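Student:
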Amino acid sequence: MNYHSPSSFEEASAIAAGASGTTRFLAGGTDVLVQLRADIVTPDDLIDIKHIPGVKEISRTEDGGWRIGVAVAGAEMTECADLCADWPGLVEGMDLIGSTQVQGRATLVGNLCNGSPAADSVPGMIAAGCTVTVTGPEGSREVAVEDIPTGPGKTALAKGQLITGVTIPARGENGGDAYLRFIPRTEMDIAVVGCAVNLRLDGDTVSEARVSLGAVAPKALLVEEAAKAIIGTTLDDAALDALAAAASAACNPIDDKRGTIEFRTHVAGVLAKRAAKIAYARAKGESA
Amino acid sequence: MSKRIHVSTKVNGDEADFLCDPRETLLDCLRDHLGVMGVKEGCGTGDCGACSVTMDGRLVCSCLVLGVEAEGKEIGTVEGMADGEVLHPLQRKFIEHAALQCGICTPGILVAAKNLLERNPDPTETELRYWLAGNLCRCTGYDKIIRAVMDAAAEMREAS
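In order, the protein sequence lines correspond to chains A and B. Heads up: the first sequence begins at 2 in the numbering used here, then just goes up one per residue. Heads up: the second sequence begins at 562 in the numbering used here, then just goes up one per residue.
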């Protein structure tokens, strides 16, 4: 295995594009090193991107949004009070992954590129409307987070392409987000169902919404029908029931030891309701 | 065989250099190349916390860090806790409360608990239990560990 520590994303991309065998990018390593040890993936070229300037930075964009470097660990996001105030749901999703030790290393982009349908940070990013910068031999472009995963363990990234940063939109006025997951334990588990809701209010009425579900399909879903169910409402009981029905209808889950198809489909609706209520309260400026 | 790489790092404040294969974990490098045996291998996949160390003050599983990633970093292990013959309050309270049995998980838990108390000298029991959720112990049932850390935290607050 050749270990590379390039000093720019262009160099990292060129190494990957020119490699003949298996390539992996290394940021937090919480998935790559587990796969390495289990002999699931033994890279011929391992490209450590942590020596590239700026990868450990959390910064504000000109329009009031956020830019998260690809090597920023979950714990560093949780410790950024302004980021937590703007996007509590997104940060909570990241924070639910693994132990304190894993939080010291695991990254948003690693969680996204690992391609797990149950990745806890991904629904929050999708609901928030995050984009990622994809850099490859042909240059860079912005891609919506929901367009990166294509199925379990698979992404839309081609050979030589890598993600070089996450952009979170400006929070703006009267907005709130939330992420909830169901696990049979209290900590250290993989989502059976995850749901993120992000919304904005005009008075008491929901004017914008995005709803995303995890672990109920081959990839995390952006569920437009669920958002439509609450836009224009005050999140009354009828709207919540319509939201739950739309969330459940979007599910295409597997049966496995953590949950049946029927259970996951039902819980998706329940979590959508609960997450929407929390997001609504946060948009109102109430603590939740 | 991969080309061996020279790594310069600091372990418990002392300069340390080693040569390693890029596939070797920090855990293996600490034990096999530097003789730092306080760091234990449990699962090797980041689930059990027995190999917990700090890297630039951040708690990590050394089995999920490559040795080459330690270049220029400061690593902290259980060996850095006692001041000569004088045990750290956490170590003393672990003995007083019998918060260990076989001892494999103990170094990792001590490093993790010390890291928490540096950030939050007065944690609630709930905060402590969540902080240590990634440190598995198959002997004690955890209660004695929690009591030992809470007691050590109280003593350290009084002393400061």
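All residues carry an ideal CB built from backbone N, CA and C; glycine is no exception. Predicted model only: the values in this text are computed from it and were never measured.
Check each candidate in A:50, A:103, A:119 and name the one with the smallest Cα separation from residue 194 of chain A.
Tutor: Nearest neighbour of residue 194 of chain A by Cα position, chosen from A:50, A:103, A:119, turns out to be A:119.
Student: For the segment 102–116 of chain A against the segment 13–32 of chain A, are there 3 or more C-beta pairs whose distance is under 8 Å?
Tutor: yes
Student: May I ask you to report which of helix, strand or coil DSSP gives residue 290 of chain A?
Tutor: Lying before the first or after the last residue shown, residue 290 of chain A is absent from chain A, which here runs from 2 to 289.
Student: Is DSSP giving residue 661 of chain B helix, strand or coil here?
Tutor: coil
Student: Quick test of the definition: if touching needs 3 or more C-beta pairs under 8 Å, does the segment 5–24 of chain A touch the segment 44–55 of chain A?
Tutor: Proximity of the segment 5–24 of chain A to the segment 44–55 of chain A meets the contact definition, three or more beta-carbon pairs being nearer than 8 Å.
Student: Going by the beta-carbon positions, is the gap between residue 610 of chain B and residue 702 of chain B smaller than 7 Å?
Tutor: no
Student: Would you please verify whether the beta carbon of residue 106 of chain A is less than 7 Å from any beta carbon of chain B?
Tutor: yes
Student: Which class does residue 95 of chain A belong to by DSSP, given the choice of helix, strand or coil?
Tutor: helix
Student: Between residue 572 of chain B and chain A, is any beta-carbon pair separated by less than 7 Å?
Tutor: no
Student: Give the secondary structure of residue 197 of chain A by DSSP, where H, G and I count as helix, E and B as strand, and everything else as coil.
Tutor: strand
Student: Taking only the alpha-carbon atoms, compute the straight-line gap between residue 68 of chain A and residue 168 of chain A and give it to the nearest angstrom.
Tutor: Each residue's Cα considered, the two are about 5 Å apart.
Student: For residue 5 of chain A, write down the residues that DSSP places opposite it in a beta bridge.
Tutor: Beta-bridge pairing by DSSP links residue 5 of chain A to A:48.
Student: Any idea what DSSP makes of residue 699 of chain B, helix, strand or coil?
Tutor: coil
Student: For chain A, is any of its Cβ atoms less than 7 Å away from the one on residue 678 of chain B?
Tutor: It does not: the Cβ of residue 678 of chain B has no partner Cβ on chain A nearer than 7 Å.
Student: Residues in its own chain within less than 7 Å of residue 174 of chain A by CB, not counting five upstream and five downstream?
Tutor: Excluding its 5 nearest sequence neighbours in each direction, residue 174 of chain A has no C-beta neighbour in its own chain below 7 Å.
Student: Based on Cα-Cα distance, which residue from A:71, A:53, A:65, A:77 lies nearest to residue 619 of chain B?
Tutor: A:77
Student: Tell me the residue span of the alpha helix (DSSP H) that contains residue 114 of chain A.
Tutor: 109–114
Student: Can you say whether residue 660 of chain B is buried or exposed, counting buried as having 16 or more other CB atoms within 10 angstroms of its CB?
Tutor: buried
Student: Which chain A residues are close to residue 566 of chain B, counting only those with a beta carbon under 8 Å from its beta carbon?
Tutor: 4
Student: May I ask you to report which of helix, strand or coil DSSP gives residue 704 of chain B?
Tutor: helix
Student: By the three-class DSSP mapping on this structure, what secondary structure does residue 81 of chain A have?
Tutor: coil
Student: Applying a beta-carbon distance threshold of less than 8 Å, which residues of chain B neighbour residue 37 of chain A?
Tutor: Result: 584.
Student: Answer yes or no: does any C-beta atom of chain B fall closer than 7 Å to that of residue 8 of chain A?
Tutor: no
Student: Name the two residues that bound the continuous beta strand (DSSP E) containing residue 181 of chain A.
Tutor: It spans 176–183 - the beta strand (DSSP E) in which residue 181 of chain A sits, taken as one unbroken run.
Student: Going along the segment 63–75 of chain A in order, which residues come within less than 8 Å of chain B, judged by CB to CB distance?
Tutor: 74
Student: Using a beta-carbon distance cut-off of less than 7 Å, what residues from the segment 593–623 of chain B approach chain A?
Tutor: Residues 605, 606, 607, 610, 613, 619, 620, 621, 622.
Student: Taking the alpha helix (DSSP H) that residue 244 of chain A falls in, what are its first and last residues?
Tutor: Run containing residue 244 of chain A: 238–250, per the alpha helix (DSSP H) assignment.
Student: Using CA coordinates, which residue listed in B:656, B:593, B:639 is at the minimum distance from residue 582 of chain B?
Tutor: B:593
Student: Use the C-beta contact count for residue 597 of chain B: other C-beta atoms within 10 angstroms, 16 or more gives buried, fewer gives exposed.
Tutor: buried
Student: Contact defined as beta carbons within less than 8 Å: I believe residue 199 of chain A pairs with residue 210 of chain A. What is the distance between those atoms, to the nearest angstrom?
Tutor: That belief holds up - the Cβ atoms of residue 199 of chain A and residue 210 of chain A are roughly 7 Å apart, short of 8 Å.
Student: Should residue 103 of chain A be flagged as near chain B, meaning a C-beta pair shorter than 7 Å?
Tutor: yes
Student: When Cβ atoms are compared, which residues of the segment 167–189 of chain A fall closer than 9 Å to chain B?
Tutor: 187, 188, 189
Student: Can you name the residues that DSSP bridges to residue 571 of chain B?
Tutor: B:576, B:635
Student: Counting only C-beta atoms, is residue 639 of chain B closer than 7 Å to chain A at any point?
Tutor: no
Student: When the cut-off is 7 Å and only beta carbons count, does residue 100 of chain A lie next to chain B?
Tutor: Chain B, which has a Cβ nearer than 7 Å to the Cβ of residue 100 of chain A, makes this yes.
Student: Within the segment 135–181 of chain A, note down every full beta strand (DSSP E) run reaching 3 residues or more, in order along the chain.
Tutor: 140–145, 150–152, 163–169
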